[in-house]
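Residue numbers (my numbering): 152 to 689.
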């Protein structure tokens, strides 16, 4: 006999969850809108986070029982999740774990293929963005491969419209694809060496004229006063496009800065803008190569960031140097772009699930003279959190398999489904090969307040250093112990990673752990990230 699953009205859930949150109706609304389980008719199946945490703990325990000799019990996991006290799955995991009503992924972040330099390539990336977005993921893509505006093409247009035109296209796709309870998200990145990244018009630089970029008064936007050195409406570039508030409204944008460029800024010299960006490595003739004043480019970047809060800046050579994942670039794990919030540099088709520790809960006697941070408990829970993150990968693989199965059984033709199916198979391959996790934190500011430590003081910097070092070492201890019991991530190779700057830092802090990693490997190609925790923190 089928037992009807109990459903709740919005009013019932609001009452129960507001009581749970001790009268905080904003927290209650965020929970109901974004994370409470709903059936396919939109009816609420959970009226408070208690039921959600039981749902999540049950699924983690199911995986634990299949994997480990000494699995964690559901009650133990629930105790960590209860009241969001210690461990908090972020966003997609909180919504998706144990959710069998919507066919979705548990990953928060993805990077898709950079569009190749053709209309077909651009449309292929556009579809990948849409397909990820409909499964609740945020995406990133690099614009490096698109030829600069004005360069010749062999079609009816004769010249390319360049990167800015396709930035707008990808942005609009993210705005068009619905995500119930949340917005879609996209990061568009470009190398500083791309001619469309930052354009410098020498004539305008000599004789700039004042420009007013009109804001939408109905939206409360002010006019922006600038000059012709920094914005050209008829010939926009990546850097300045967002000075016009009506452009690229569905994406964040960031420029990848290299040491070559930064040294030119420091020395007051010129640097090369070129296309293809890697023409020297490929030993081919460039389509475009020109020398540009680095300090003028830097001034324009800073002006645009001051006026519109974008572009963001990615110190690219540093990212690659300290990213242990790039040791595995021969397996396709070379960093390509970042996720929308930019805490995760990712290769093509890699994705990451997020889980955070609530730091405030580790403060003993908060706001008292004898307040202190419980590093022992934090270390213990960081090890458990990394283990749960590895369980989350197994839950994610199940979800990806369900997505692949659904695509295969969808009524569309094989041709229509081909790209979506190929993409999810590639995402699964990266997930299985690397087993990437994203363990982070929230409530660091609350810790400062609870310990009476002034933000930005030497004491606060020392505290932050110790918190994050503790989490890092605990996380890698856990990953190594899991590798000892279950095996390392499939492509682990000590010879590839032994000189990684990140692992050498671990060696300096804990040589015993470094040697254990050398012997047993790591369960996860990457462990940590500090992701934003907006609605989760609410």
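Every residue gets a Cβ at the ideal spot worked out from N, C-alpha and C, and that includes glycine. Nothing here was measured: the structure is a model prediction, and the numbers come from that model.
Tell me whether residue 425 sits in a helix, a strand or coil according to DSSP, three-state version.
-> strand
For the alpha helix (DSSP H) holding residue 188, just list the boundary residues, first then last.
-> Counting along the chain, residue 188 falls outside any alpha helix (DSSP H), and DSSP gives it neither H nor E.
Note down the Cα distance separating residue 292 from residue 536, rounded to an integer number of angstroms.
-> 29 Å
When you compare only the Cα positions, how much space is there between residue 634 and residue 169?
-> 42 Å
Quick one: which unbroken alpha helix (DSSP H) runs of 4-plus residues sit fully inside the stretch 372 to 409? Chain order, please.
-> none
Is it true that the stretch 464 to 483 meets the stretch 187 to 197, where meeting means three or more beta-carbon pairs spaced less than 8 Å apart?
-> no
In chain order, what residues of the same chain have a beta carbon less than 7 Å from the beta carbon of residue 258, not counting five sequence neighbours either side?
-> Cβ neighbours of residue 258 beyond the five flanking positions: 243, 288, 502, 503, 504, 547.
In terms of DSSP beta bridges, what is residue 337 paired with?
-> 290
In its own chain, which residues sit with a C-beta less than 8 Å from the C-beta of residue 181, not counting the 5 before and 5 after it?
-> 686, 689
Closest Cα partner of residue 519 within the set 600, 339, 262 | 600
Which two residues bound the contiguous beta strand (DSSP E) that contains residue 441?
-> 439 to 444 is the extent of the beta strand (DSSP E) around residue 441.
Terminal residues of the continuous alpha helix (DSSP H) containing residue 364?
-> Residue 364 -> not in any alpha helix (DSSP H); beta strand (DSSP E) instead, spanning 361 to 364.
Can you give me the Cβ contacts of residue 233 inside the same chain, cut-off strictly under 7 Å, excluding the 5 residues immediately before and after it?
-> 204
Over the uninterrupted beta strand (DSSP E) stretch that includes residue 469, give me the two end residues.
-> No beta strand (DSSP E) contains residue 469, which is instead part of the alpha helix (DSSP H) from 467 to 472.
In angstroms, rounded to a whole number, what distance separates the CA positions of residue 336 and residue 350?
-> 26 Å
Close beta carbons around residue 212, own chain, < 8 Å, minus the five adjacent residues each side | 222, 223, 224, 225, 228
Can at least three beta-carbon pairs, one atom from the stretch 631 to 646 and one from the stretch 580 to 587, be found at a separation below 8 Å?
-> yes
Could you name the residues of the same chain whose beta carbon sits closer than 6 Å to that of residue 441, not counting the 5 residues immediately before and after it, in chain order?
-> 424
Below 7 Å between beta carbons: does that hold for residue 260 and residue 495?
-> yes
Residues near residue 268 in its chain [Cβ-Cβ closer than 8 Å; skip 5 each side] | 296, 297, 298
Between the Cα of residue 414 and the Cα atoms of 453, 449, 404, 385, which residue gives the shortest distance?
-> 449
Could you tell me the distance, in whole angstroms, from the CA atom of residue 316 to the CA atom of residue 506?
-> 36 Å
Mind checking residue 374: buried by the 16 CB within 10 Å criterion, or exposed?
-> exposed
Interface flag, residue 678 vs chain D, CB-CB below 7 Å | No chain D appears in the structure shown, which is made up of a single protein chain.
In terms of DSSP beta bridges, what is residue 524 paired with?
-> 514
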